[in-house]
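S.K.:
Residue numbers (the numbering used here): 73 to 385.
1. Taking residue 299 as the reference, which of 97, 279, 243 has the closest Cα?
2. Could you give the distance in angstroms between the alpha-carbon of residue 234 and the alpha-carbon of residue 264?
3. Ordered along the chain, which non-local residues of its own chain (more than five positions away) have a Cβ less than 6 Å from that of residue 110?
4. Using a threshold of 8 Å, state whether the C-beta atoms of residue 328 and residue 113 are closer than that.
5. What did DSSP end up calling residue 337 once you bin it into helix, strand or coil?
6. Where are the beta strand (DSSP E) runs, 3 residues long or more, that stay fully inside the region 121-152, in chain order?
7. Can you name the start and end residues of the beta strand (DSSP E) that residue 378 belongs to?
8. Is the CB-CB distance between residue 133 and residue 258 below 8 Å?
9. Could you check where the beta strand (DSSP E) with residue 114 kicks off and where it finishes?
10. Below 8 Å between beta carbons: does that hold for residue 129 and residue 159?
11. For the region 167-194, list the alpha helix (DSSP H) runs that are entirely contained and at least 4 residues long, ordered along the chain.
12. Identify, in the order they occur along the chain, each residue of the same chain with its Cβ nearer than 7 Å to the Cβ of residue 236, setting aside the five sequence neighbours on each side.
13. Could you tell me the distance, in whole angstroms, from the CA atom of residue 181 to the CA atom of residue 90?
14. May I have a chain-ordered list of the alpha helix (DSSP H) segments no shorter than 4 residues that lie completely inside the region 83-109?
15. Report yes if the CB atom of residue 355 is closer than 8 Å to the CB atom of residue 118, and no otherwise.
16. Are the CB atoms of residue 173 and residue 361 nearer to each other than 8 Å?
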């Protein structure tokens with residue numbers, strides 16, 4: 073999967089069309105942001121809530137506090153306690169921004185400016201959303217020591233990229249609960265890494281790597297991503313997600329949508345164009361119209377060890 077943002081030419085509409093049909097700008101912005109947030113790879117959609125904060129428990133071992141015992145005839149069957157994690161709290165936050173359209177933009181039909189503004193507003197929203205989600209993930213990988221340091225920077229063509237990725241996969245798949253458990257096998261959290269997330273520039277470093285290229289010599293040459301670029305290619309059996317909002321020095325390996333969840337007080341909303349200072353034929357007192365985008369949500373990391381970070385540079 074790939075998340076690549078493109079421009080908006082504005083089509084055949086004029087700026088006046090957007091003012092006369094205020095819903096048009098809603099469609100333009102939504103078409104860019106819908107399903108494009110890279111954080112959706114890390115967070116599941118946990119629906120709506122009316123609470124401004126949530127209390128949740130992080131993942132614990134999927135076993136009871138005691139193992140089954142051998143029981144003698146007429147002996148009472150013992151019980152065991154259900155394990156629960158520590159309480160964690162996350163608060164809701166709101167991100168919002170607006171775009172202004174001036175009287176002059178309408179009169180002079182500056183559709184180029186409006187198109188650029190629509191794209192930039194959508195990108196700002198996606199960037200803010202990504203930062204809220206990814207900053208939490210990065211902090212969690214630091215807190216739980218889920219970090220792999222690349223043996224050689226991935227920008228070097230001789231880097232052992234595959235070894236670094238497999239170390240991260242092993243880290244996720246062998247993650248253990250915090251605290252003492254009577255049997256280490258019961259401490260396993262049981263994650264299965266299936267996705268790798270990176271900046272586009274890192275993907276190009278991967279397909280140009282000498283070790284990676286060696287795998288496509290001979291019968292596999294027709295599938296070489298060196299020539300095909302972005303395609304449904306699954307290195308190390310992992311889905312690839314790329315985004316310009318990921319730090320180029322960091323790569324994440326995870327079980328998709330497992331680390332956390334996202335609850336919405338208000339899902340992303342875009343307002344039609346409106347005049348903020350009085351409705352008139354010239355756009356009110358400031359001769360302008362505006363459209364706003366906003367979201368109120370809560371992000372929580374229930375399974376922080378379902379993701380590992382690779383420092384690649």
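Glycine included, every Cβ here is placed at the ideal spot set by N, Cα and C.
M.R.: If we stick to the structure as given:
1. 279
2. 17 Å
3. 75, 202, 315, 317
4. yes
5. Assignment of residue 337 by DSSP, reduced to helix, strand and coil, places it in the strand class.
6. 125-129
7. Where residue 378 is concerned, there is no enclosing beta strand (DSSP E), given that its DSSP letter is neither H nor E.
8. yes
9. Per DSSP, residue 114 belongs to no beta strand (DSSP E) and is neither H nor E.
10. yes
11. If you keep only unbroken alpha helix (DSSP H) runs of at least 4 residues inside the region 167-194, you get 175-179.
12. 220, 222, 223, 382
13. 11 Å
14. 87-92, 95-105
15. no
16. yes
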